[in-house]
Ligand SMILES: [Zn+2]
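In the numbering used here, the protein residues as written are 208 to 273.
Okay, here's the thing in structure tokens:
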């Protein structure tokens with residue numbers, strides 16, 4: 208009775224063939240496409256953008272204060 212929604216299973220659709228896969232799957236169960244890789248770049252780019260933005264601000268501050 209207590210089994211409802213205790214663990215949420217997210218469905219991730221393969222960008223290659225559109226087959227539904229579990230979110231924690233590394234590869235598409237249908238075509239073997241690497242699902243994980245598709246998800247990482249946006250987050251990575253976002254973090255790099257934040258880091259570079261932060262470094263840019265520091266550089267400007269250092270440049271202005273010198
Ligand atoms: Zn697939």
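Every residue gets a Cβ at the ideal spot worked out from N, C-alpha and C, and that includes glycine.
Residue i: CB within 8 angstroms of a non-hydrogen atom of ligand 1
i: residue 252; result: no
i: residue 256; result: no
Boundaries of the beta strand (DSSP E) in which residue i is found, first to last residue
i: residue 228; result: 227 to 229
i: residue 219; result: 218 to 220
Cα-Cα separation between residue i and residue j, rounded to whole angstroms
i: residue 241; j: residue 266; result: 38 angstroms
i: residue 272; j: residue 258; result: 21 angstroms
i: residue 227; j: residue 262; result: 40 angstroms
i: residue 224; j: residue 256; result: 30 angstroms
i: residue 234; j: residue 216; result: 16 angstroms
i: residue 236; j: residue 268; result: 51 angstroms
i: residue 231; j: residue 254; result: 21 angstroms
i: residue 218; j: residue 238; result: 16 angstroms
Relative to ligand 3, what is the chain-ordered list of residues with a Cβ closer than 5 angstroms to any of its non-hydrogen atoms?
With respect to ligand 3, the structure shown offers nothing to examine, as its ligands consist of ligand 1.
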